[in-house]
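Have a look at the structure below before the remarks.
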Amino acid sequence: MREELEKLCKNALQSMNIKSQVQSRTKATESIKASLDRREKVLPKHQKQFENFSEIFNAIHDLVGVRIILEYPDDIQKAIRFIEETFQKETDPVVFQFDRNVGQHWKTWFGAYQTLNYRLRLKNDKSETLSQFRGVLFEIQLTTIAEHLYNKFAHPLLYKGFAETLSRQDEMEKLGKDSDKIQDKDILLAETTSFHQNLTRGTSFDTFANPEGLATAVDIPPEAYKSAADLREWIDGKINNILTEVRSTSQTIREAVLSKLPVAEGAAFDSHAEEHNARCHPDTRTELLSQIQNWANDSQAENIYWLNGMAGTGKSTISRTVAKSFADSGLLGASFFFKGGRATAAKPPGKAIDTNPAVPTKVLRDQFEELVRKPLNCIQYTTEVVIVIDALDECDGDNDVRNIISILARANTQPSGRLRVFITSRPELPIRLGFKDVRGRYQGLALHQVPEPIVEQDIFTFLEYELARIRNESNSQALEGLELPLDWPGYHVIRTLAQMAVPLFIFAATVCRFIGDRCSDPADQLEKVLQYQMKTHDSELDKLDATYLPVLNQLIIGRNNPQRNRLLAEFRNVVGPIVLLAEPLSVSSLVQLLNLSPKAIHSKLNSLHSVLDVPSQLDAPVRLFHLSFRDFLVDPTKSTTNDFWIDETKYHKTLADRCLQVMNPHLRRDICNLQMPGKLRSEVDQRTIDTALPPEIQYACQYWIHHLKESKGSVQDGGPVHSFLTSHLLHWLEALGLIGRISESIGMVDDLLALSSADAVEISGFLRDIRRVILSSRSIIDIAPLQVYASALVFSPTRSITRDLFKQELKWITSGLIVEDNWNACRQTLEGHSNGVNSVAFSPDLKLVVSGSWDKTVKIWDVATGACTETWEGHSDSVNSVAFSPDLKLVVSGSGDKTVKIWDVATGDCTETLEGHSGDVTSSKLFTSWSEAQKTGYGCLRDVEQHVRL
Numbered sequence: 001m002r003e004e005l006e007k008l009c010k011n012a013l014q015s016m017n018i019k020s021q022v023q024s025r026t027k028a029t030e031s032i033k034a035s036l037d038r039r040e041k042v043l044p045k046h047q048k049q050f051e052n053f054s055e056i057f058n059a060i061h062d063l064v065g066v067r068i069i070l071e072y073p074d075d076i077q078k079a080i081r082f083i084e085e086t087f088q089k090e091t092d093p094v095v096f097q098f099d100r101n102v103g104q105h106w107k108t109w110f111g112a113y114q115t116l117n118y119r120l121r122l123k124n125d126k127s128e129t130l131s132q133f134r135g136v137l138f139e140i141q142l143t144t145i146a147e148h149l150y151n152k153f154a155h156p157l158l159y160k161g162f163a164e165t166l167s168r169q170d171e172m173e174k175l176g177k178d179s180d181k182i183q184d185k186d187i188l189l190a191e192t193t194s195f196h197q198n199l200t201r202g203t204s205f206d207t208f209a210n211p212e213g214l215a216t217a218v219d220i221p222p223e224a225y226k227s228a229a230d231l232r233e234w235i236d237g238k239i240n241n242i243l244t245e246v247r248s249t250s251q252t253i254r255e256a257v258l259s260k261l262p263v264a265e266g267a268a269f270d271s272h273a274e275e276h277n278a279r280c281h282p283d284t285r286t287e288l289l290s291q292i293q294n295w296a297n298d299s300q301a302e303n304i305y306w307l308n309g310m311a312g313t314g315k316s317t318i319s320r321t322v323a324k325s326f327a328d329s330g331l332l333g334a335s336f337f338f339k340g341g342r343a344t345a346a347k348p349p350g351k352a353i354d355t356n357p358a359v360p361t362k363v364l365r366d367q368f369e370e371l372v373r374k375p376l377n378c379i380q381y382t383t384e385v386v387i388v389i390d391a392l393d394e395c396d397g398d399n400d401v402r403n404i405i406s407i408l409a410r411a412n413t414q415p416s417g418r419l420r421v422f423i424t425s426r427p428e429l430p431i432r433l434g435f436k437d438v439r440g441r442y443q444g445l446a447l448h449q450v451p452e453p454i455v456e457q458d459i460f461t462f463l464e465y466e467l468a469r470i471r472n473e474s475n476s477q478a479l480e481g482l483e484l485p486l487d488w489p490g491y492h493v494i495r496t497l498a499q500m501a502v503p504l505f506i507f508a509a510t511v512c513r514f515i516g517d518r519c520s521d522p523a524d525q526l527e528k529v530l531q532y533q534m535k536t537h538d539s540e541l542d543k544l545d546a547t548y549l550p551v552l553n554q555l556i557i558g559r560n561n562p563q564r565n566r567l568l569a570e571f572r573n574v575v576g577p578i579v580l581l582a583e584p585l586s587v588s589s590l591v592q593l594l595n596l597s598p599k600a601i602h603s604k605l606n607s608l609h610s611v612l613d614v615p616s617q618l619d620a621p622v623r624l625f626h627l628s629f630r631d632f633l634v635d636p637t638k639s640t641t642n643d644f645w646i647d648e649t650k651y652h653k654t655l656a657d658r659c660l661q662v663m664n665p666h667l668r669r670d671i672c673n674l675q676m677p678g679k680l681r682s683e684v685d686q687r688t689i690d691t692a693l694p695p696e697i698q699y700a701c702q703y704w705i706h707h708l709k710e711s712k713g714s715v716q717d718g719g720p721v722h723s724f725l726t727s728h729l730l731h732w733l734e735a736l737g738l739i740g741r742i743s744e745s746i747g748m749v750d751d752l753l754a755l756s757s758a759d760a761v762e763i764s765g766f767l768r769d770i771r772r773v774i775l776s777s778r779s780i781i782d783i784a785p786l787q788v789y790a791s792a793l794v795f796s797p798t799r800s801i802t803r804d805l806f807k808q809e810l811k812w813i814t815s816g817l818i819v820e821d822n823w824n825a826c827r828q829t830l831e832g833h834s835n836g837v838n839s840v841a842f843s844p845d846l847k848l849v850v851s852g853s854w855d856k857t858v859k860i861w862d863v864a865t866g867a868c869t870e871t872w873e874g875h876s877d878s879v880n881s882v883a884f885s886p887d888l889k890l891v892v893s894g895s896g897d898k899t900v901k902i903w904d905v906a907t908g909d910c911t912e913t914l915e916g917h918s919g920d921v922t923s924s925k926l927f928t929s930w931s932e933a934q935k936t937g938y939g940c941l942r943d944v945e946q947h948v949r950l
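Residue 1 is where the sequence shown starts when you use UniProt numbering, and the numbers rise one by one after that.
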């Protein structure tokens with residue numbers, strides 16, 4: 001009973017984010033006898049002894065006792081709520097005051113510590129494991145750390161243990177005797193040190209904060225002995241000072257951890273980057289927006305709403321409108337607007353960082369648990385909480401996209417059931433497959449299902465409003481007599497434009513930006529657009545022509561052939577790389593990366609404000625207003641008909657070459673001047689990294705291989721890639737370590753190997769050796785980047801190509817270390833279990849490994865990177881056997897707890913627990929059919945007691 005009560009209290013308080021220690025004890029036999037003797041003395045005359053256990057259980061309230069020690073007094077009310085909602089009170093709690101009279105002659109001296117003492121029983125609906133003890137009274141004491149330590153000093157002087165009345169002399173002797181103990185630091189060292197570690201757990205990744213610790217509280221000065229009040233005041237002050245220091249240290253560490261998190265600047269709907277992007281006109285999309293609002297308010301609705309549609313149909317505008325509406329009504333929990341390239345994490349709740357500072361490094365599922373589900377569990381909310389995610393198709397990584405969908409679908413298991421997730425995307429294959437995996441757990445709409453007349457009318461309403469605004473702004477600046485007519489451009493023209501646009505809202509938005517260009521006459525600009533009227537009746541691609549050609553043709557109209565060809569070449573040289581970048585860069589970074597003058601870049605961008613978001617600051621990124629602009633420029637079917645067509649292969653090669661060219665002179669050893677090989681990346685200020693590795697260099701380090709791969713290039717012996725790696729391999733790995741991308745280098749090297757030509761024997765061997773070096777040293781380089789020049793080389797085999805090439809880095813070694821001559825058969829060592837590993841198995845596609853351990857967990861590992869992607873907990877004993885299902889959707893595990901568990905690989909959930917064995921389960925396997933099981937000879941599971949079960 002004691003153990004289960006303690007566990008129940010610990011788990012509940014932890015889930016409420018209440019920092020505390022929970023202790024428990026069972027009343028000793030001698031103490032029970034003494035209590036019974038005392039109580040029998042006061043029994044009525046007709047009842048001189050207890051007749052049954054029920055009477056004893058009712059008379060003795062503390063056979064089992066639990067003490068809850070809170071770190072912060074602020075949490076007392078939350079802890080009281082937990083106790084009173086979880087257990088049945090026999091009476092109101094007894095409040096023990098610190099100055100309670102106890103001793104016969106010491107009424108103004110030491111008394112009982114301040115605490116709330118509850119006499120409780122279990123409620124009928126609580127904890128099946130405790131059901132057999134529902135009739136037993138037990139005690140819970142609720143106190144704080146300062147009061148707890150005060151009790152440690154005062155308790156030896158109190159009434160407990162005094163079997164008889166003490167004389168003043170007795171009490172004085174006892175005070176003197178116990179004063180000696182108080183002066184001995186050993187009396188509190190163990191407890192205060194453990195509590196201090198609990199307060200500072202994880203604060204600096206295995207290094208405790210540096211206050212002297214609560215153990216210093218035992219050095220009590222003489223003036224603290226005068227009275228209970230003096231002692232209590234001194235302890236309270238001492239502990240509060242230390243807690244303040246701990247709090248301050250924890251806050252500093254929290255800020256340091258947060259500063260290391262990659263933050264997606266401008267990803268929120270109300271960020272500065274989104275400030276000027278369009279919302280829906282109040283009279284457009286009314287039915288759809290009403291449907292989304294009803295979904296959010298419907299407690300029976302699925303928790304995900306997926307809005308999908310092709311490029312340019314207005315998904316992001318709807319997302320911004322929805323996010324703003326939910327924010328205004330207090331329902332918006334978070335928003336994330338993907339803008340191409342890498343999806344990075346937003347800053348998580350502070351308490352999540354306090355509890356687990358390493359949460360940013362966890363797998364997606366664990367991050368969702370720590371940063372979304374658990375914080376929501378700890379707050380009381382009666383309305384919906386909505387997360388808005390826009391353009392999920394722009395998130396890199398097909399597997400990541402499917403994983404995100406799977407994880408978000410699990411939100412319907414939120415205890416309150418009120419978490420909602422609104423997602424928009426193109427209907428790309430990975431996303432369709434992701435939603436297929438969670439079929440029945442989402443609802444949504446494809447924008448092409450909206451009737452065309454409704455779409456046309458919405459576009460008409462938008463155009464009518466925007467063109468009226470353009471007319472009014474133009475007339476306010478026009479000379480008298482040159483104003484546009486008050487009915488310009490007229491109903492029929494607007495209707496024509498709307499028909500040209502359907503179903504592309506991006507057409508309407510781009511046309512309005514083009515017509516509203518303050519350097520041109522709106523009427524003239526409108527005529528240029530209307531010239532494309534007939535083409536829009538043919539195909540969707542012609543609609544993109546009508547969207548973008550009126551803007552682009554202004555660059556070359558009226559030019560002779562030589563001028564036209566020169567301007568088109570200049571356009572491609574600037575805009576080509578911009579639309580192919582994996583992540584947007586600023587003008588200042590583009591100047592360095594493309595080796596062009598600021599004037600050359602600005603001269604082209606200044607005339608493209610209708611299709612590109614060109615900021616006024618040199619260090620702000622240049623972005624596409626919409627990805628359909630990129631689709632229009634690179635469409636291979638338009639290579640002979642679109643004058644502005646961009647050859648993807650050519651300009652990916654240009655970017656790959658330029659990446660190598662900017663890295664070659666810039667990268668060097670210890671680029672951040674850290675000097676000490678053991679300097680941790682977490683200790684390096686981000687500004688130091690950004691100064692040493694400016695954005696264009698960071699971009700080049702991350703994406704040069706991506707552009708080489710997209711250019712369909714090859715890797716040759718003695719070629720540019722071979723030359724770069726021979727000179728700068730370690731510098732490049734150091735840079736990746738500094739920006740937290742070293743794990744991605746494994747996939748990059750794999751790509752280079754795939755690009756190596758058949759006769760490139762030397763570079764192929766070098767690349768295979770590089771891969772082994774990274775696999776063996778990735779973890780240490782990630783922690784301390786300069787270890788690439790030390791550990792990575794020192795522990796490589798003596799015949800390692802990489803070690804031999806950079807052997808000058810090992811001159812500091814005075815005596816030779818004993819290492820193997822060649823790489824052995826062990827390709828990787830996967831570390832992460834806290835106890836022995838009993839079973840491992842490859843997935844059928846050889847991309848994953850599953851392992852089961854004595855630490856009671858199942859782990860999933862990525863074979864390519866060696867990273868642990870999942871940790872599943874649920875078994876109560878060692879995991880003895882693990883296996884994948886042939887379709888890779890399930891994992892089975894057998895355990896010493898006599899159960900078999902089935903796990904969903906996509907979500908990490910345990911979907912079934914099979915019980916029935918009377919001994920350890922030592923073998924498990926999943927089959928697609930019974931016939932397969934018979935063919936392989938697996939017709940049964942056999943336990944250690946030799947019982948056979950089908």
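Here a beta-carbon is modelled for each residue, glycine too, at the ideal position from N, C-alpha and C.
### Query
Given a threshold of 16 other Cβ atoms within 10 Å of its Cβ, counted over all protein chains shown, does methionine 663 qualify as buried or as exposed?
buried
### Task
Check the DSSP bridge columns for lysine 901 and list the partner residues they point to.
Ser893 and Thr913
### C-alpha gap between aspartate 390 and leucine 605, whole angstroms
27 Å
### Cβ distance (whole Å) where glycine 894 is taken to contact threonine 922 below 8 Å
The beta carbons of glycine 894 and threonine 922 sit about 6 Å from each other, so the pair counts as a contact at 8 Å.
### Alpha carbon of arginine 426 to alpha carbon of glutamate 466, nearest angstrom
Distance between the alpha carbons of arginine 426 and glutamate 466: 26 Å.
### Task
Closer than 7 Å by C-beta to tryptophan 306: which residues in its own chain qualify, once you throw out the five before and the five after it? Chain order, please.
Ile423, Phe435, Tyr442 and Gly444
### Message
Under DSSP, the beta strand (DSSP E) around arginine 857 begins and ends at which residues?
### Response
Residue identity differs from the one stated: residue 857 is threonine in this sequence, not arginine. Note, threonine 857: beta strand (DSSP E), 857–862.
### Task
State the DSSP-derived secondary structure class of asparagine 880, mapped to helix, strand or coil.
strand
### Own chain, CB closer than 6 Å to alanine 692, minus 5 neighbours either side, in chain order
Counting only Cβ-Cβ distances below 6 Å, and skipping sequence neighbours, we find Ile671 and Cys672.
### Message
For arginine 518, count the other beta carbons within 10 Å of its own beta carbon; 16 or more makes it buried, fewer makes it exposed. Which is it?
### Response
exposed
### Whole runs of the alpha helix (DSSP H) within the region 649–700, excluding any shorter than 4 residues
686–692
### Closest by C-alpha distance to phenylalanine 766, when choosing among Asn475, Arg803, Phe629 and Gln533
The residue with the shortest Cα to Cα distance from phenylalanine 766 is Arg803.
### Cβ neighbours of aspartate 751 in the same chain (closer than 6 Å, five flanking residues each side left out)
Ile705 and Lys709
### Message
On the criterion of 16 or more Cβ atoms from any shown chain inside 10 Å, does glycine 937 qualify as buried, or is it exposed?
### Response
Low per-residue confidence applies at glycine 937: pLDDT is 41, beneath 50, and the placement is therefore not dependable, though the value from the model is reported in the following sentence. Classification for glycine 937: exposed.
### Inter-residue spacing [alpha-carbon to alpha-carbon] between glutamate 744 and serine 682
19 Å
### Whole-angstrom C-beta distance between valine 579 and isoleucine 646, which should lie under 8 Å
Correct: roughly 7 Å between the Cβ atoms.
### Task
Run through the region 791–845 for me and flag every whole beta strand (DSSP E) of 3 or more residues, listed as ranges in chain order.
837–842
### Task
Leaving aside the five residues before and after phenylalanine 338 along the sequence, list all residues of the same chain whose C-beta is less than 6 Å from its C-beta, in chain order.
If the five residues before and after phenylalanine 338 are omitted, its C-beta is found closer than 6 Å to the C-beta atoms of Ala391, Glu394 and Cys395, all from its own chain and listed in chain order.
### Task
Tell whether a beta-carbon distance below 9 Å holds between aspartate 690 and glycine 740.
For aspartate 690 and glycine 740, no; Cβs fall outside 9 Å.
### For cysteine 9 and serine 20, the rounded distance between their alpha carbons
10 Å
#### Entry: The alpha helix (DSSP H) enclosing proline 295, as first and last residue numbers
The displayed chain sequence assigns tryptophan, not proline, to residue 295. Segment 286–297, the alpha helix (DSSP H) holding tryptophan 295.
### Task
Assign glutamate 583 to one of three DSSP states: helix, strand, or coil.
coil
### Message
Mapping the DSSP letters down to three states, classify aspartate 75 as helix, strand or coil.
### Response
helix
### Message
Spatial neighbours of glutamate 6 within its chain, please: C-beta separation below 7 Å, excluding the five flanking residues on both sides.
### Response
Val22, Ser24 and Val66
### Query
Would glutamine 592 be called buried (16 or more neighbouring beta carbons within 10 Å of its own) or exposed?
Per the 10 Å Cβ criterion, buried.
### Query
If you measure from the CB of asparagine 11, is any heavy atom of the ligand NAD nearer than 8 Å?
Ligands in the displayed structure: none, and consequently the ligand NAD is not present.
### Message
Measuring CB atoms only, is the region 68–86 touching the region 131–148, in the sense that at least three cross pairs come out at less than 8 Å?
### Response
yes
### Query
Taking the C-alpha atoms as reference points, what is the distance between arginine 410 and valine 385?
Straight-line Cα distance between these residues: approximately 15 Å.
### Query
So what does DSSP say about lysine 19, is it helix, strand or coil?
Lysine 19 falls in the coil class under three-state DSSP.
### Query
Who are the Cβ neighbours of alanine 867 in its own chain at under 8 Å, not counting the five residues just before and after it?
Ser743 and Trp861
### Message
Excluding the 5 residues flanking valine 511 on each side, which residues of the same chain have their C-beta closer than 6 Å to its C-beta?
### Response
Closer than 6 Å at Cβ, skipping near neighbours: Val529.
### Query
Which ranges would you report for the alpha helix (DSSP H) in the region 583–628 if only whole runs of at least 4 residues count?
587–594 and 598–605
### Message
When you compare the region 782–801 with the region 726–741, are there three or more beta-carbon pairs, one atom per stretch, that lie closer than 8 Å?
### Response
A contact between stretches requires three or more CB pairs, one per stretch, nearer than 8 Å, and the region 782–801 meets this requirement with the region 726–741.
#### Entry: Run of the beta strand (DSSP E) containing leucine 70, from where it starts to where it stops
64–70
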